[in-house]
Each structure stands twice: as structure tokens, then as C-alpha cells.
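For reference, the structure discussed in these notes is given below.
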Amino acid sequence: RTEPLVLGIETSCDETGVGIVRGHTLLADEVASSVEEHARFGGVVPEVASRAHFEAMVPTVQRALDTAGITLADVDAIAVTAGPGLAGALLVGVAAAKAYALAAGKPIYGVNHLAAHVAVDTLEHGPLPEPAIALLVSGGHSSLLQVDDLAGRVEPLGATIDDAAGEAFDKVARLLGLPFPGGPPIDRAARDGQVAIPFPRGLTAARDLVEHRFDFSFSGLKTAVARWVEARQRAGEPVPVNDVAASFQEAVCDVLTNKAVDACLERGVRTLVIGGGVAANSRIRALAQERCDRHGITLRVPRPKLCTDNGAMVAALGAHLVAAGAAPGRLALPTDSAMP
Ligand code: KG4
Ligand code: ZN
């Protein structure tokens, strides 16, 4: 039996992603981003994102089919992100997927965006050992999950109670005068800086470790950075941008990797997967590797292009569902985020 050929569509945020996979093999990964259009607002504007998806959808699907050297008639199924994400943006992808599925007579799978961030790792490292713990950190989400079965049981362990990790990078970059999206410029600035400023680690106090064991909070950190920078400016002193970037980045990566490794240890899980745009960060990769090595945990982080939002991740989860014999047509309303 040949491996399933699946086309995946992703439109939960500002990337129109169309990917094509055969089993664990990536055949096409086309992404049209509207990030430039949002840059001057310092964050994603939902209405702008929806319109951009609408314009990019058909040409991006066509590019993916051309790259893979196939036609729609060749695919075994179509998968689409059904949630969580921006409702208007998700609707564009879901409507397109339904139209393609109807036109070509293909089964359709509505998939969870977070589970897809985990599934994409199979394109790089092969089948995922289960159970695994997944740390998903991006501009829109920061979650810890236990993946017992990628085609069925995915248990949320915790999430951010305020800002997402990537959002914190974006906001801190803005107050340091660095461009949007803020992750890459902070990552670069931090390389030339010292971790010299003791910024707070959200939800790590003894009481928080009971009530919010695997939750995250980054808004207090962002405020602490803003206060620190303001105090410098008020005193008429220059702001050591590289040191602030390094200290802020360390605070974020320390908490994220600590809680992720703790989740593995408490749950007796030997595999940690990190995904989402923030997984491209050089410090989170290094720190996670160091802490996983110390505890005999296997760390899996896909290459940066697969960490950020894309269609290949949706296709990868779709292919996994087809291979697992899951029933198609699980297409709830776009805001429904039932796993997977
Ligand atoms: O997954 P993604 O492309 O889109 C979603 O938000 O869903 O993630 C984008 C986020 C942005 O907040 C961006 O600043 C952050 O990922 N990011 C990074 C790095 N590269 C991207 N954060 C820290 N370090 C990086 N190198
Ligand atoms: Zn995402």
C-alpha cells in the first residue's frame, strides 16, 4: 500500500500555506505571507490577513501542485486547519479546502493547528515516538501538550495566561526600536549581549507551580523590560540594547525549556518536540538541547522553515490521519479547536 498523498492548507494567522506530502516525504511547501502588510501595525490585523489569504489562495495552491508535479486529481485527501486561529482567516482556508474537495471528489480533514505543528516534525525526523511532550511557541500561541496519539489523543497541559512567547519578542523588539517581527532581530542582538539583567520568570513562584504548573505568563516580563528601559532613558543613560535582548531572551527560554523538561520528567515521557516560530530561536534550541541531554530526553526540533506556520504541517497531519484510518469529514466550525 502506497503512502497517502495529501494537500494541506493553512490560514490560521498571516501565512497562506499550501503543502503537499506523501507519507513523511515533503513534496511542496509554498507560503505566501502578509507579514509586511502588518509590520506598520506592530502585529497581525485580522481583516488584512483574511483579504490577503483570499488573494493568495488559488495561486499558492497552483504553485504547490506545480512544485510537486501533480494535479488535484492525484491527491488522496485534502487537509485544512480548522482551528485555533483568527476566525475570518480560518474561514478562507476552510472554504477553499471545501471547494477543492468538492470539485475533485476528495475526502477532507479539518485539523488542529497545534497538532499540525507537532506532526510537521515527522517530515524531518520520521514517525513520532508516542507519548511525546510538545512545546509550541509562536506569535499566537504558547502551549505544552502531551501527545499520546497524534491521530487521536492530544492532552493540553498548559498554555500562556496572557501574551504568547512570540508576542513578547515582538513587543520587546518594538520598545527597543527593532523591526517586526521581533524574534529574529532580538535573537541577533542577543548574540552580542550579556545576560546581565535579572528579568522575572513568569509563573515560577512556589504557589504558581501548584496552580499554574505548566502555564506561562510573559506580560509581566514585557512590563519589567519596559520599566527598565524607561528608567535608563529617564536617567539620560544609553540603553544597552544587546544586553536587554540577551537578558529578556534568557528569561523566556529559561521558563519555556524548564517547564517543558519538567513535563517530560513528571509524565515519564522521553521525547520532547518544539515547534512554532519561536522554536527558530537559537537560545531556546541550545538550552533545550542542554537540558534534554542532562535528563536523557530526545529533543526533536524541525528546521526553522517548518517551525513557522506552513501548509506542509497540515498536510503531514492529514497524511498521518489517512494512514491511521481516521474518518474524514471532521470539519467543525473554524473556531472549534477540538484535538486533533
Ligand atoms: O509560527 P509563526 O510563524 O506564526 C504564528 O505566530 O503562529 O511565529 C511567528 C513568531 C513571531 O512572534 C516571531 O517574532 C517569532 O515567531 N520568531 C522568533 C524567532 N523567529 C521568529 N522568536 C524568537 N527568536 C527567533 N529567532
Ligand atoms: Zn502556529
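Going by full-length UniProt numbering, the first residue of the sequence shown is number 2, and it counts up by one from there. Note that the Cβ used here is the ideal one computed from N, Cα and C, for glycine as well. Here the structure is a predicted model, which means the values were calculated and not measured.
Nearest residue (CA-CA) to residue i, options the options
i: I21; options: T72, V45 and R52; result: T72
i: A33; options: T26, E11, D150 and G44; result: E11
i: P157; options: A174, F170, A133 and A96; result: A133
i: E56; options: T3, A90, R154 and D163; result: A90
i: G269; options: I298, A325 and D310; result: I298
i: A280; options: H296, G184, I162 and E212; result: G184
i: R52; options: I198, T17 and A252; result: T17
i: C254; options: R284, E267, N243 and A165; result: R284
i: H54; options: D67, E38 and F42; result: E38
i: A15; options: V155, H213 and M58; result: Correcting the residue identity first, residue 15 is Asp in this sequence and not Ala. Nearest of V155, H213 and M58 to D15, Cα basis: M58.
i: L27; options: T68, L136 and R214; result: T68
i: V315; options: E212, R175, A327 and A117; result: A117
i: Q250; options: L137, V173, R208 and P47; result: V173
i: L137; options: L179, F215, R208 and P186; result: F215
i: P186; options: V242, G70 and H213; result: V242
Nearest-angstrom beta carbon gap, residue j and residue i [assumed within contact, 8 Å]
i: A246; j: A191; result: 4 Å
i: V112; j: A65; result: With 8 Å as the limit, V112 and A65 do not qualify as a contact, their Cβ atoms being about 17 Å apart.
i: P303; j: E125; result: 5 Å
i: S143; j: A160; result: 6 Å
i: V121; j: L307; result: 5 Å
i: N282; j: D193; result: 16 Å between Cβ atoms; not a contact.
i: A289; j: A261; result: 7 Å
i: G276; j: G167; result: In fact, because the Cβ distance is near 12 Å, the residues do not count as touching under 8 Å.
i: E4; j: A324; result: 7 Å
i: S145; j: A236; result: The amino acid occupying residue 145 in the given sequence is Leu; Ser does not appear at that position. With a Cβ gap of about 39 Å, L145 and A236 do not count as contacting.
Span of the beta strand (DSSP E) around residue i
i: R301; result: T299 to R301
i: residue 1; result: Residue 1 lies beyond the residue range present for the chain, which begins at 2 and ends at 341; the question has no answer from this structure.
i: N113; result: I109 to N113
i: A29; result: T26 to S34
i: E11; result: L6 to E11
i: E16; result: E16 to R23
i: V81; result: A78 to G84
Residue range of the unbroken alpha helix (DSSP H) whose run includes residue i
i: residue 1; result: With the chain covering 2 to 341 only, the question about residue 1 has no answer from this structure.
i: L222; result: S220 to R235
i: P132; result: Run containing P132: none; DSSP gives neither H nor E here.
i: T161; result: Looking at the DSSP string, T161 is not in any alpha helix (DSSP H), and its letter there is neither H nor E.
i: S143; result: No alpha helix (DSSP H) contains S143, which is instead part of the beta strand (DSSP E) from S143 to V148.
i: I71; result: No alpha helix (DSSP H) contains I71, which DSSP labels as neither H nor E.
i: G276; result: Unbroken run through G276 is the beta strand (DSSP E), T272 to G276; no alpha helix (DSSP H).
i: N259; result: V242 to R268
i: A320; result: G312 to A324
Close Cβ partners of residue i (< 6 Å) along its chain, the five nearest in sequence each way excluded
i: A40; result: F181
i: A317; result: V22, A120, V121, T123 and L124
i: D30; result: G20, N311 and A313
i: T258; result: L288, A289 and R292
i: L322; result: Y110 and A152
i: A339; result: In this prediction, A339 has a pLDDT of 47, which is less than 50 and means its spatial position is unreliable; nothing more can be read from the coordinates.
Chain-order list of residues whose beta-carbon lies under 8 Å from that of residue i (same chain, five-residue window excluded)
i: E291; result: none
i: V240; result: L177, V230, R233 and Q234
i: V256; result: R202, G203, L204, T205 and F217
i: L129; result: V119, A120, D122, T123, V148, L151, T272, V274 and R301
i: I109; result: A78, I79, A80, V81, A98, K99, A102, P329, G330 and L332
i: S13; result: T82, G84, P85, G86, L87, A90, L91, G94, H114, G141 and D310
i: V76; result: L6, V7, L8, I21, A105 and K107
i: P60; result: A33
i: F219; result: S143, T161, D163, D164, A165, A166, E168, A169, G203 and V253
i: A207; result: none
Contacting residues, own chain, Cβ-Cβ under 7 Å from residue i (five flanking each side not counted)
i: G127; result: H25
i: G221; result: P201 and G203
i: G44; result: D171
i: D244; result: G194, Q195, A197 and I198
Closer than 6 Å: residue i CB and nearest the ligand MG heavy atom
i: P182; result: For the structure depicted, the ligand MG is absent and the ligand set comprises only the ligand KG4 and the ligand ZN.
query: Which residues are close to the ligand ZN, meaning CB closer than 5 Å to any heavy atom, in chain order?
result: S139 and D310
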